[in-house]
Amino acid sequence: MLKNKKILLGITGSIAAYKTAALVRLLIKAGAEVKIVMTPAAMNFVSALTLSTLSKNQVLSDLAENNSWSNHVMLGRWADVMLVAPLSCNTLAKMAHGICDNLFTAVYLSATCPVIAVPAMDEDMWHHASTKNNLQIIQGFGNAVIPVENGELASGLTGDGRMAEPETILKRLEAFFFGQNQLLEKKILVTAGPTYEALDPVRFIGNHSSGKMGIAIAAECKKRGAVVTLILGPSGEEIPAGLQVIRVKSAEEMFNACMSVFDHTDIAVMSAAVADYTPVNIATDKIKKSEDIFSVELKKTKDILKHLGTIKKEGQLLAGFALETTDERNNALKKLAEKNADLIVLNSLNDSGAGFSGDTNKITIFDKNGGEQHFDTKSKKEVAVDIVNTIIHLYYA
Ligand code: CTP
Numbered sequence: 021m022l023k024n025k026k027i028l029l030g031i032t033g034s035i036a037a038y039k040t041a042a043l044v045r046l047l048i049k050a051g052a053e054v055k056i057v058m059t060p061a062a063m064n065f066v067s068a069l070t071l072s073t074l075s076k077n078q079v080l081s082d083l084a085e086n087n088s089w090s091n092h093v094m095l096g097r098w099a100d101v102m103l104v105a106p107l108s109c110n111t112l113a114k115m116a117h118g119i120c121d122n123l124f125t126a127v128y129l130s131a132t133c134p135v136i137a138v139p140a141m142d143e144d145m146w147h148h149a150s151t152k153n154n155l156q157i158i159q160g161f162g163n164a165v166i167p168v169e170n171g172e173l174a175s176g177l178t179g180d181g182r183m184a185e186p187e188t189i190l191k192r193l194e195a196f197f198f199g200q201n202q203l204l205e206k207k208i209l210v211t212a213g214p215t216y217e218a219l220d221p222v223r224f225i226g227n228h229s230s231g232k233m234g235i236a237i238a239a240e241c242k243k244r245g246a247v248v249t250l251i252l253g254p255s256g257e258e259i260p261a262g263l264q265v266i267r268v269k270s271a272e273e274m275f276n277a278c279m280s281v282f283d284h285t286d287i288a289v290m291s292a293a294v295a296d297y298t299p300v301n302i303a304t305d306k307i308k309k310s311e312d313i314f315s316v317e318l319k320k321t322k323d324i325l326k327h328l329g330t331i332k333k334e335g336q337l338l339a340g341f342a343l344e345t346t347d348e349r350n351n352a353l354k355k356l357a358e359k360n361a362d363l364i365v366l367n368s369l370n371d372s373g374a375g376f377s378g379d380t381n382k383i384t385i386f387d388k389n390g391g392e393q394h395f396d397t398k399s400k401k402e403v404a405v406d407i408v409n410t411i412i413h414l415y416y417a
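So for the sequence shown, the numbering used here puts the first residue at 21; every next one is plus one.
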């Protein structure tokens with residue numbers, strides 16, 4: 021699993037740094053390529069000579085070494101993953117707040133690869149609100165954290181704070197790379213965001229969808245190795261790198277974009293809040309204010325999910341969403357059947373923390389085999405992980 025994987029190991033100032041010699045040995049034995057960056061404080065706990073011998077690479081710690089500049093940007097781009105072990109609370113605070121005062125922090129800030137942090141510190145520091153806050157911040161950046169273990173600490177106390185053992189870190193890395201391959205080369209279509217149905221050149225009928233949920237699903241599929249096409253309605257959200265994005269405005273444009281890629285798609289996830297109705301006529305000029313009551317004639321849009329359900333072939337998986345306010349379970353099950361979907365993700369506007377524009381969601385997933393999974397309220401990124409896990413499970417079943 022780790023063969024030829026490029027691992028950039030960042031070592032920071034903690035007594036647990038002595039364990040990195042064993043960790044590097046395990047990584048090299050597993051076939052990984054290892055480059056190491058140390059903070060100045062880490063040099064007090066383990067020798068660069070030991071680590072360069074074990075990793076078969078020069079260990080870097082200064083931005084300018086031997087009159088030459090260490091290219092921190094290229095280090096972050098070289099790596100498949102940046103592993104920070106041990107992570108001290110001092111460096112954690114710098115990572116959380118963008119402080120860049122040594123080679124390690126410069127590499128961290130410029131790294132485009134995934135980051136996995138393995139904290140190590142004394143129990144009281146571990147439980148301090150500031151540490152918890154900083155951990156939450158880096159997790160919010162998308163960094164993964166391997167939790168500390170309980171046991172004997174350098175202070176002589178026993179408690180939480182020990183760095184995870186090298187064998188545990190190795191297992192987590194293997195799981196990480198396995199996860200990255202689960203959707204390798206699979207072609208995935210995700211729709212996201214609202215659609216805007218024009219009334220005239222300046223007005224439209226739209227909805228409050230932000231696109232966050234669909235974008236998080238697209239990003240999660242990409243993380244697992246998929247080739248992702250994101251068909252996105254009007255949304256101001258930032259789009260992660262590496263997705264093929266087709267921007268659309270109306271339900272009709274979204275339908276056409278889906279039709280252009282669906283034939284070559286393995287998995288389609290329809291998370292967009294598509295308008296159900298669109299104006300019969302779009303005024304060419306701005307509609308002027310006149311009568312007290314103003315009516316607009318609307319016609320049904322094409323139901324994209326339903327249409328894809330009628331043309332999907334053996335082996336293609338189709339996932340839809342159901343946003344409900346009443347009789348949620350029955351409505352979701354009805355959509356699952358009527359749209360010939362393989363699974364439906366239900367979110368109810370009656371659940372606090374669920375719905376359109378917030379950063380959290382609460383979902384239930386129903387699948388065509390009668391499966392029903394209830395999930396707690398979580399961040400949309402975590403919800404995307406649950407949805408993609410369920411899709412993978414069903415796809416390979
Ligand atoms: N959907 C779609 N095309 C449409 C309308 C909806 O592809 N024109 C998809 C959505 O992306 C979602 C699912 O159908 O995956 C359910 O959408 P939802 O708005 O909850 O339900 P509707 O089918 O529109 O029915 P209703 O509005 O009556 O609940």
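Don't be surprised by glycine CBs; every beta carbon is placed ideally from N, CA and C.
Around the beta carbon of M58, 16 or more other beta carbons lie within 10 angstroms, which makes this residue buried. Counted as a single uninterrupted DSSP element, the stretch harbouring K39 is not any alpha helix (DSSP H), since DSSP gives it neither H nor E. Taking every protein chain shown into account, the CB of I307 has fewer than 16 other CB atoms within 10 angstroms, so this residue is exposed. In the three-state scheme derived from DSSP, where H, G and I count as helix and E and B as strand, E185 is classed as coil. Sixteen is the threshold: since fewer than 16 other Cβ atoms of the shown chains lie within 10 Å of the Cβ of K49, the residue is exposed. Rounded to the nearest whole angstrom, the CA to CA distance from Y38 to K332 is 56 Å. Annotation for D387: the continuous beta strand (DSSP E) segment containing it runs T384 to D387. In the same chain as S72, and ignoring 5 residues on each side of it, the C-beta atoms closer than 8 Å to its own belong to I56, Q78 and V79, in chain order.
The three-state reading of DSSP puts G171 in strand, counting E and B together.
Judged by pairs of C-beta atoms under 8 Å, the region 233 to 249 does not touch the region 269 to 276, as fewer than three such pairs exist. For the pair V165 and D180, the CB atoms are not nearer than the 7 Å cut-off. Within the region 323 to 400, the runs of beta strand (DSSP E) that reach at least 3 residues and sit entirely inside it are, in chain order, 337 to 344, 363 to 368, 384 to 387 and 392 to 394. Bridge partners of D180 according to DSSP: N170. The region 327 to 341 and the region 278 to 289 touch, with no fewer than 3 CB-CB distances between them shorter than 8 Å. The Cβ-Cβ distance between P139 and A36 does not fall below 7 Å. A distance filter of 5 Å between CB atoms and the heavy atoms of ligand 1 selects the following residues in sequence order: M290, A292, V294, D296, T321, D323, I324, L325, G340, F341, A342 and L343. Straight-line measurement puts the Cα of T40 at about 10 Å from the Cα of T70. Excluding sequence positions up to five before and after Y216, its CB lies within less than 6 Å of the CB of F224, G226, P254 and K269, all in the same chain and listed in chain order.
The Cβ atoms of V101 and I27 lie closer than 7 Å to each other. In this structure, V247 is the residue among V247, E272 and A271 with its C-alpha nearest to the C-alpha of V265.
In chain order, A303, K306 and I307 place their CB closer than 6 Å to the CB of D220, counting only its own chain and leaving out the 5 sequence neighbours on each side. Excluding sequence positions up to five before and after K388, its CB lies within less than 6 Å of the CB of D362, all in the same chain and listed in chain order. Annotated three-state conformation of M141 is coil, per DSSP. Inside the region 98 to 166, DSSP marks whole alpha helix (DSSP H) runs of 4 or more residues at positions 109 to 117, 123 to 130, 143 to 147 and 149 to 160, from first to last along the chain. Here Q202 carries a coil assignment [DSSP, helix/strand/coil].
V403 and N409 have their alpha carbons spaced roughly 10 Å apart. By the neighbour-count criterion, in which a residue is buried when 16 or more other Cβ atoms sit within 10 angstroms of its Cβ, A116 is buried. Checking the DSSP bridge columns, you'll see A288 partnered with L209 and L338.
Excluding its 5 nearest sequence neighbours in each direction, L414 has C-beta neighbours in its own chain below 7 Å: L337, D362, L363 and D387, listed in chain order. With 16 or more other Cβ atoms from the protein chains shown falling within 10 Å of its own Cβ, L43 counts as buried. By the C-beta density criterion, E53 is buried, having at least 16 other C-beta atoms within 10 angstroms. If you draw a straight line from the Cα of K232 to the Cα of P299, it is about 27 Å long. Around the beta carbon of K382, 16 or more other beta carbons lie within 10 angstroms, which makes this residue buried.
Taking 7 Å as the cut-off, the beta carbon of K354 is found no closer than this to the beta carbon of L325.
Boundaries for V281: no beta strand (DSSP E) harbours it, while the alpha helix (DSSP H) harbouring it runs A271 to F282, taken from the DSSP string.
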